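Undergrad: Residue numbers (the numbering used here), protein chains in the order written: chain A, 1 to 272; chain B, 273 to 594; chain C, 595 to 912; chain D, 913 to 1421; chain E, 1422 to 1674.
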Amino acid sequence: MRKLDRLSIGGLVCLAVLVVFALGSLVGAGGDPDAIVGPRLQPPGPGWWLGTDNLGRSVLPRVMEGVGTTLLLSSVAVLVTAALSATFGIIAGYRGGYLNELVMRLVEVLYSFPAIVLAILVAAVLGPGQTAALASIVLVTIPLMTRLVRAAAVAVSQRDYVTSAVISGAGLPRVLGRHVLPNVAGTIAVQGTYALSVGIAVEGGLSFLGFGVQPPQASLGVLIQQGGTYMIAAPWLILGPGVVLVAAILAINVVGDGLRDRLEPRETRSLT
Amino acid sequence: MRLLMWWSGRALSSAATLLGVSVLIFTAVRLMPGGFAETVLGPFATAEQKAELAARYGLDQPVFMQYGHWLAAVAGGDFGISMISRQPVGAELLARLPVTGELTVLAVVASALVGVPLGVLTAVRARPGGGGAAGRLLSGLGVSVPEFVLGSLVVFVFSRYALGLQVGTWVPFTRDPAANLATMVLPAAVLSVFAISVTARTTRDAVLGVLVEPYVTAAVGRGESPWFIVRHHILRNAAAPVVTLLGTITAYLLGGALIVEHVFNLPGVGSYIVQAVGRRDYAVVQAGVLLAAAVFIVMNVLIDLLVGVLDPRLGVLAGRRS
Amino acid sequence: MSLLTVRNLVIDYAGTRALDGADLEVAQGETVGLVGESGSGKSTLGSAVGRLLPRAARRSEGEVVVAGEPVFDLPADRLRRLRRKHLGFVFQDPIASLDPTMRVGDQLRLVLGRGADVGFHLGRVKLDDPRVMRAYPHQLSGGMAQRVAIAMAMATGPELLVADEPTAALDSQVREEVLNVVFSLAAAAGTSILWLSHDLPAVARRCDRVAVMYGGRVVETGPAREVLGNPAHPYTAALAGSAPAAAAHGVRLEPVRGRPPVLTGPSPGCAFAPRCPFAEERCEHERPEPVRVGEQDVLCHRAPRRIPATEPPNGVRP
Amino acid sequence: SDQPNPTGYLATADQSLPVGGTLNLAVHIDSGAATGYDPQLADVATTWQLLSLSYETLVTVGPDFSIQPMLAEKWDTPDPKTYVFHLRDGVTFSNGREMTADDVVGSLKRLLASKSVWRGQLGPVKSVTKDGDRAVKVTLNEPYTPFLAALANIPAAVLPMKEIDDKSVDPAKTLLGTGPYVVENHRQDVSWTFKRNDKYWAKGKPAAEAVNVTIAPEEAARIAALQNGSAALATLGNVDSATMLAGAKNVQVVTQATTDFYYLMLNTQAPSSKFADPRVRQAVAIALDPKQIADVALGGKGRPTAITPAGLPGACDPAALPSSSKSVDEAKKLLADAGAQNLTFTLSIFSTEPAPAVAQVIQQNLQQAGITVKIEQLDEASWSGKVYGKAPAEFDAALSWFAGYADPGMVTKWWNPETAGFNVGFMKPDKELNTLIDAAGKEPAGAARDKALAAVCAKADTDAQMIPLVTRPATIAFRTDALSPSLYATEGYGNVLRLIADARVKKTQ
Amino acid sequence: MSRAGDCGVILELDDVTVTFAAGPPLRRIHLDAMRHVSLSVAEGETLGLVGESGSGKTTTSRVALGLQRPASGTVRFDGRPFPKRRRELAGRMQAVLQHPHWSLNPRMRVGQSVAEPLDVLGRPAGDAVTEMLEHVGLEASFASRYPHELSGGQRQRVSIARALVTRPRFIVFDEAVSALDVSVQVQILNLIKDLQAEYGFSALFISHDLGAVRYVADRIAVMRKGEIVETADTATFYTAPAHEYSKQLLEAL
Ligand SMILES: Nc1ncnc2c1ncn2[C@@H]1O[C@H](COP(=O)(O)OP(=O)(O)OP(=O)(O)O)[C@@H](O)[C@H]1O
Ligand SMILES: Nc1ncnc2c1ncn2[C@@H]1O[C@H](COP(=O)(O)OP(=O)(O)OP(=O)(O)O)[C@@H](O)[C@H]1O
Ligand SMILES: [Mg+2]
Ligand SMILES: [Mg+2]
Ligand code: NI
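(1) With a threshold of 16 other CB atoms inside 10 Å of the CB of MET1553(E), please say whether the residue is buried or exposed.
(2) Using a Cβ-Cβ distance cut-off of 9 Å, determine whether PHE1563(E) contacts chain C.
(3) How long is the line joining the alpha carbons of ASN452(B) and SER1142(D), rounded to whole angstroms?
(4) If I measure Cβ to Cβ from GLY401(B) and keep anything under 8 Å in the same chain, skipping five residues before and after, which residues do I get?
(5) Would GLN980(D) and LEU1409(D) qualify as a contact pair, given that the criterion is a beta-carbon distance under 9 Å?
(6) With the cut-off set at 9 Å, would you say SER1628(E) and LEU1468(E) are in Cβ contact?
(7) Quick one: any contact between the segment 670-677 of chain C and the segment 469-488 of chain B, if contact means 3 or more CB pairs under 8 Å?
(8) Would you say PRO731(C) faces chain A, with C-beta separation under 9 Å as the test?
(9) Which residues share a DSSP beta bridge with ALA461(B)?
(10) Let's see if you can read the secondary structure: which residues bound the beta strand (DSSP E) around ASN936(D)?
(11) Could you tell me if TYR98(A) is buried or exposed, where buried requires 16 or more neighbouring beta carbons within 10 angstroms of its beta carbon?
(12) For a contact defined as C-beta to C-beta under 7 Å, what are the partners of ALA808(C) on chain E?
(13) Per DSSP, which residues does ASP606(C) bridge with? Please list them.
(14) So VAL1192(D) and ALA1248(D) are in contact, right, with Cβ under 8 Å, and what is the actual spacing, rounded?
(15) Does the distance between the C-beta of ASP758(C) and the nearest non-hydrogen atom of ligand 3 fall short of 8 Å?
(16) In whole angstroms, what separates the C-alpha of PRO143(A) from that of ASP257(A)?
(17) Is LEU313(B) helix, strand or coil by DSSP?
(18) Can you tell which of GLN547(B), HIS341(B), ILE521(B) has the C-alpha that lies nearest to the C-alpha of GLU533(B)?
(19) Would you call the segment 163-171 of chain A and the segment 1505-1525 of chain E touching, i.e. three or more CB-CB distances under 8 Å?
(20) So what does TRP987(D) bridge to, in DSSP terms?
(21) Using a Cβ-Cβ cut-off of less than 8 Å, list which residues of the segment 664-678 of chain C approach chain A; keep chain order.
(22) Would you mind giving the Cβ-Cβ distance between MET571(B) and ALA511(B), rounded to the nearest angstrom? I have them listed as a contact below 8 Å.
(23) Can you find a CB in chain A that lies within less than 9 Å of the CB of ARG653(C)?
(24) Tell me, please, whether the CB atom of VAL626(C) is closer than 9 Å to any CB atom in chain E?
(25) Give me the Cβ distance between GLY221(A) and ILE200(A), rounded to the nearest whole Å; I'm assuming they're in contact under 8 Å.
(26) Taking its Cβ as the centre, do 16 or more other Cβ atoms sit within 10 Å of LYS322(B), making it buried, or is it exposed?
(27) To test your reading of the DSSP string, which unbroken alpha helix (DSSP H) runs of 4 or more residues are found completely within the segment 634-681 of chain C?
(28) So, is the C-beta of ARG159(A) closer than 9 Å to a C-beta in chain C?
(29) I believe GLY823(C) touches GLU889(C) by the beta-carbon criterion, under 8 Å. Please report the beta-carbon distance rounded to the nearest angstrom.
(30) Whose C-beta lies closer than 8 Å to the C-beta of GLU1330(D) among residues of the same chain, with five residues either side of it excluded?
(31) Consider the Cβ of ALA124(A): report whether some Cβ of chain D lies at a distance smaller than 9 Å.
(32) Under the rule that 16 or more other beta-carbon atoms within 10 Å means buried, what is ASN253(A), buried or exposed?
(33) With ARG1566(E) as the anchor, note down where its alpha helix (DSSP H) starts and where it stops.
(34) Which residues, in order along the segment 1093-1104 of chain D, keep a beta-carbon less than 7 Å from a beta-carbon of chain B?
(35) Quick one: is the Cβ of MET738(C) within less than 8 Å of any heavy atom of ligand 2?
In structure tokens form, the structure reads like this:
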């Protein structure tokens, strides 16, 4: 077994810092994220270390709150997606037949909807807010992951070790959980990090349309959406959340890759 | 014969999917809060005005009747008329499809041309020690920069400093191909950043899987150069998931390259559908979603065919080993 | 001058020592069988000849010289030239070692270069059916696929063919056919063969010389008949006597006692010592040096004394 | 142009520049009415603005909100209930037919017979008749001061009634007016192309040969079009656009004040309304700080207003409203008296900026009085559905804005749900307030009217079912090297393109 | 020294036919992988199954394991047809499958793989795993390795350890020792014999290596093109094969 490479450890450290940062906001470090503390659109300075936004709120506590909101929302969403995709994909891939047809058709129907239409529909049913955002992210990310997990599961199901387990009398949960799942985990990990990025993007877009996180709560999507508008006039508005977002996604991707490489005990050879 | 069977099976399941999509979208748009009348007639409309409007578009009939009429019309190639522009939806979609189509094709070509080599490189260079880190970081960066931020930045910078490429004015390809390309390059580039990253990551994953195959070791043993092995043995064998992904991205973009269409003000399908959703222009939403679904399904069929061509073991035409 | 020289090669995987100072020579035109218990390091040694080891493998000592070139110290391009000009490899799983997405004919053409006579090369491995050329690997039987792999390995006329259990996945009839092809082709082209196998009798039947591996070292080499018929190393003797095929019905064979060693570092003495019926005190902590016994080179402290004929180490009859 | 602009103007077109050229505009939204192009049924400013290129009214508003001649050369008011309009000679529709008194009479009658919102704004019209071939007489049932101002807006435009009556023209599908431009092409939500109306009655107008309007919903796209010169003028949505475009060469950003204003709706009709008690509503009104809303949410570009839009002559002073002089403590006391100390409610808003900004400042304001506001952002359609879709409506509170029009009395009508209609679902009619509104409508302009209006303002403020907040600024940017436009400093009908016929295109670029 | 018939019959295949559909939908070829195969394995007996590649040996084993439903004919395990719920058979049958490359879950350590059948039964693994590994000639330290860290032969031995660990009543060995060197082969074959003596399990031993089959099998069945052409006592078979094909096979030995 290999150790995590240095890049991935860097990613982990980065994530840990972000989590601490987000937790800081819970204990009120950095100040009240909603309070109007100064003039509008001030560059960083004492009292507002990352500047103020278009309502004269300090950006620092908002970024802190935003990190927490976004990380929580998208990671919960991706966990749900991963859980559902894994369940459906694996069962469909392992069982085949009817069940497979059904799952694949459902996924296809879902996939045929443009993401934003889907999101609006969900929000319409659930009402705007975090639940709607969560459900939308899940619905948008579920189809691709389910497809890929299923494809991987089909291949894994034909392996002899699965047959051996069946012969040993292993029940369905064990076969799927101990044998199929770990061997499609690579796919889930790669797709999971991808879904996480999509999730953050969807969250931003939804908030922009008003279906996501409701003001004044901050999320990275909201902050960046706003910051994007003021990119030239007040670059500090996008800089803080932007750097944090890029760092978060990069870290997640890198850690995801690293974990996958580590989880996947396979031989590597060089081409030279 | 085998092909025929396959095609007919495929056509049947595609029809089922389309039917499912149509039912779903039809019910869904009607479940959305805020009706067409309120949105379009505005707050001052009286009840009778609303009723008149509903009658004009048949919205006063029971939903399943509406659905039946609509389905019959669609089957005859009539997608209804937009309640906003009062123009046929089919014609408008057809007019907008080339914009989104061109954008998508450019973006997908770009992601194939950049993402695949990047993915191959990061995989071939991948070493437990952490080599290929630059490529990994790069592709990570791509997925983490939101489209609207990148789009806005590009639009702003290119328009302020007159960097040679026109933004914000769309020119039909038929009128001036060169000018058209000049306006499409930037949005396509912005659109492709995400696609490139995802392609690169998927490629890396697929190539890593192929690298350990015995036939690769055999090729190394024959003294082939890495480049040669990549070109002749790895690309094709790693292609299936990458092609699946590219196909999916294509379908996905066709259905909704809307942020880029918005920021660059391109009259494409994505913005059409979203505007229609915003105004509850039912006919447009229904037709748009159905079109997206059809494109998606066709794309899927093409992917399956292509994957079969690329890997004879997986293809629809592959027989069992005798 | 010998074509292949492996000198004191030490290869480690994370936590496992696969080769612990292996020595091997293969002369021009010679066929050498490399036999040994599973896990003794045959595949590792075979891969090391072409520097085809997985990334997890580390060479800490020793060298491999092929046609005068130090394999482990060559820059990438010279290494590739060496592989191309001097080496050929055939692996255990025949179908997996062919590119599944390419027709057999195309694969051969890729190796041979444009305009080559693919039919001729397939004919050499007795695949005359024109359908083979158009087939994909998964449409071939194991034996056919292995012959294609051999044709590809032999296409460039290598001086040394390394075959790692090329017939283990095939059934007994096909096995013979394939081996016949390999050996007759090699004989015709003057190619040396390094054949890794665990089938001692088969090796003895076909090879000029046999090298026996144990615990990551080559413990005995010599002419095939000598090694098999008159083993100098106790391990060889044990191995030679334990073939089930050799036993009569109802007779219980006694395998070599104990378990094969798993090395994590250099073995302090003779790796076989714990299982050796003749082990002496020094075997435990003194690494044996090669000794010449008759026509064999042996790594055994008591080799010069030979194995007593009266003391059959195997085949204890009830 | 270096000389200062005359009062009432943000810019005046340099008449010394040559005429001709193509004028490229970028606006954020297309006209999008289910009713098509029919100006009488148009009820939003963005539609008025585009239709105003082709349609004209009898009278128009000047920079100071005075009523100016347009298709009527002059008019007499023999008594406060009678108006006689003398039509301008030589006015033709763009199909070449001369405009007649029949067209005017027919248009007004058609409007009065329609279900248009504007029908109500015209006031108590009794009859419209031809007064000879070149004049039209309108008689009212009672005096109605905003009458001329109401006539000055696009829904009161003069239509080609002959063609409409013989059905050769459907105004919902064809634009056929007397205005300076003729539509050549329109692609919904993409673009408009207008060509100069060569038979336009005003000498030397319009100056530009053609007008192209690009619809660009995204602000970034409009800014880009301005920067790269593909648009000479663009409407912008962000109050900070000037800062963003600072440093862009040859781009000038101006803020046009409007009479439009934001207001807060407190639903008193919902079965378990939190705002049934007027003391609760008053507490909210007191706790609101319109000054801060204007300064923070609108970047100082808006101004506090009463229900008569600030900026219109005769509008009342928002500082004089009862709620303005009270302190937060009084609001808390009112809440306590009403037993609503821990008032929590949801504020439904649509997501178009700056509504969310306004809402967040409101949230901060009300927090001072211990009121918790939850903001619920919806897309416009869902918002409309929620606010206007049902009676009684189900929301707690909602935020929107009114077009303020050109007379301080016009918008006050919306405070009477029985005339307004749209707010019956959430607003209780207040008899007293309705009487005051009607009285102010009859009062001729002057000190007495100002007093009557002030009474309306104060009453509406205490009633506090719809609380006016701040005026809504419009931001316009244009290229000084491509265009010399004329723009009013304050707009009543949200028509940025009002003086488009005067604009001069600078050919040298 | 055949033990067949001594006690009850553990596995019985009666007139079993298995048909695979292969090829394109319309031009489907129906291929009989097994044709009217009848055979039985007695308690404590080892039946050797030999035959050329593609003759249907693996298919027979799949039928015997209840993984493949026959097109016709009956299969009885322990006197009863296969139960609906596979769990009821847990720990009573095991198999060593043909492909060493995919016989072990790459994500599980060797120790976990070997312990799994015990886990299924809810029995504590205890020392059984290391003990079993040692039986098949692997050091206890192998328990913590992943399959890719093993040589081909080592992997095969892990599969065997896994199959034997629950002391099942019936085991299928499909080419279980072909990839092993002779000394380990003998060790494994002896192990099978010893455990059989101790626990009395039955085995279906598939191999194309007639030598190994002779060493462990009590009886031998010869398959060709889906049919059983000869069944005989090992001794009889090796000394006096009845069928022409059997003679051919023996000559190649
Ligand atoms: N990737 C690896 N990581 C760790 N140990 C390894 C790895 N590959 C092989 N080994 C170990 O190295 C030793 C030699 O392995 P090798 O594959 O060379 O054996 P072999 O002689 O070819 O055996 P077999 O006949 O079973 O194929 C074995 O003990 C094996 O467990
Ligand atoms: N799932 C399947 N679908 C179609 N044909 C199959 C299937 N499984 C096996 N066959 C065919 O059935 C026949 C018998 O196969 P089987 O695997 O039982 O042979 P075998 O005797 O085990 O051969 P080997 O010694 O090569 O393992 C072969 O012709 C094979 O191609
Ligand atoms: Mg090996
Ligand atoms: Mg088989
Ligand atoms: Ni937008």
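All C-beta atoms, glycine included, are put in the ideal place defined by N, C-alpha and C. A quick note: this is a predicted structure, and the numbers were derived from the prediction, not measured.
TA: Looking at the coordinates:
(1) Walking along the fifth sequence from the start, residue 1553(E) turns up at place 132. It counts as buried.
(2) In the fifth sequence, counting from the first residue as 1, residue 1563(E) sits at position 142. It does: the Cβ of PHE1563(E) has a partner Cβ on chain C nearer than 9 Å.
(3) Position 180 of the second sequence, counted from the start, is the residue given in the question as residue 452(B). Position 230 of the fourth sequence, counted from the start, is the residue given in the question as residue 1142(D). C-alpha separation (whole angstroms): 15 Å.
(4) Residue mapping note: residue 401(B) aligns to position 129 of the second sequence, counting from 1. Confidence is the limiting factor: at GLY401(B) the pLDDT is only 44, short of 50, which leaves the residue's position unreliable, though a coordinate-based value still follows. The answer is none, since no qualifying residue turns up.
(5) As a position in the fourth sequence, residue 980(D) is number 68, starting the count at 1. As a position in the fourth sequence, residue 1409(D) is number 497, starting the count at 1. Not closer than 9 Å, so no.
(6) Stepping through the fifth sequence from its first residue, residue 1628(E) is reached at position 207. Stepping through the fifth sequence from its first residue, residue 1468(E) is reached at position 47. It is not a contact, given that the beta carbons lie outside the stated cut-off.
(7) no
(8) As a first step, residue 731(C) is located in the third sequence; it is residue number 137 there, counting from the start. It does not: the Cβ of PRO731(C) has no partner Cβ on chain A nearer than 9 Å.
(9) The residue labelled residue 461(B) in the question sits at position 189 within the second sequence. Answer is none; ALA461(B) lacks a bridge partner.
(10) Along the fourth sequence, one-based indexing puts residue 936(D) at 24. That run of the beta strand (DSSP E) goes 934-939.
(11) Your numbering for residue 98(A) matches position 98 in the first sequence. With fewer than 16 other Cβ atoms within 10 Å, it is exposed.
(12) On the third sequence, residue 808(C) is found 214 positions in, with the first residue counted as 1. In the sequence on display, residue 808(C) carries Tyr and not Ala. Going along chain E, no residue has its Cβ under 7 Å from TYR808(C), so there is no contact; the nearest lies around 10 Å.
(13) As a first step, residue 606(C) must be located in the third sequence, where it is residue number 12. Partner(s): ARG611(C), ARG652(C).
(14) Reading the fourth sequence from its first residue, position 280 is the one you call residue 1192(D). Reading the fourth sequence from its first residue, position 336 is the one you call residue 1248(D). That pair is no contact at about 11 Å.
(15) Within the third sequence, the letter at position 164 stands for residue 758(C). Yes.
(16) The residue you call residue 143(A) lines up with position 143 of the first sequence. The residue you call residue 257(A) lines up with position 257 of the first sequence. In a straight line, the C-alpha of PRO143(A) is about 21 Å away from that of ASP257(A).
(17) Counted from its first residue, the second sequence places residue 313(B) at position 41. It is helical.
(18) What you label residue 533(B) is simply residue 261 of the second sequence in a count that begins at 1. Minimum Cα distance to GLU533(B) is reached at GLN547(B).
(19) yes
(20) Start at 1 with the first residue of the fourth sequence, and residue 987(D) comes out as number 75. Bridge partners of TRP987(D): PHE997(D).
(21) ALA670, LEU673, ARG674
(22) The residue given as residue 571(B) occupies position 299 in the second sequence. The residue given as residue 511(B) occupies position 239 in the second sequence. Not a contact, Cβ separation roughly 16 Å.
(23) Here residue 653(C) is taken as the residue at index 59 of the third sequence, counted from 1. So no, ARG653(C) is outside the interface.
(24) In the third sequence, residue 626(C) corresponds to position 32, counting from 1. Chain E contact via Cβ: absent.
(25) Taking the first sequence and counting its residues from 1, the one referred to as residue 221(A) is at position 221. Taking the first sequence and counting its residues from 1, the one referred to as residue 200(A) is at position 200. Indeed they touch by this definition, with Cβ atoms about 6 Å apart.
(26) In the second sequence, residue 322(B) corresponds to position 50, counting from 1. Classification for LYS322(B): buried.
(27) 636-643, 670-680
(28) In the first sequence, the residue the question calls residue 159(A) occupies position 159. No - not a single Cβ of chain C is within 9 Å of the one on ARG159(A).
(29) Translated into positions along the third sequence, residue 823(C) becomes position 229. Translated into positions along the third sequence, residue 889(C) becomes position 295. GLY823(C) to GLU889(C), Cβ: 11 Å. No contact.
(30) Here residue 1330(D) refers to the residue found at position 418 when the fourth sequence is read from its first residue. So the qualifying residues of the chain are VAL1336, PRO1341, ASN1346.
(31) Here residue 124(A) refers to the residue found at position 124 of the first sequence. Yes - at least one Cβ of chain D is within 9 Å of the one on ALA124(A).
(32) Position 253 of the first sequence, counting from 1, holds the residue named residue 253(A). ASN253(A) comes out buried.
(33) Walking along the fifth sequence from the start, residue 1566(E) turns up at place 145. Where ARG1566(E) is concerned, there is no enclosing alpha helix (DSSP H), given that its DSSP letter is neither H nor E.
(34) GLN1100, ASP1101, VAL1102
(35) On the third sequence, residue 738(C) is found 144 positions in, with the first residue counted as 1. No, ligand 2 has no heavy atom inside 8 Å of this Cβ.
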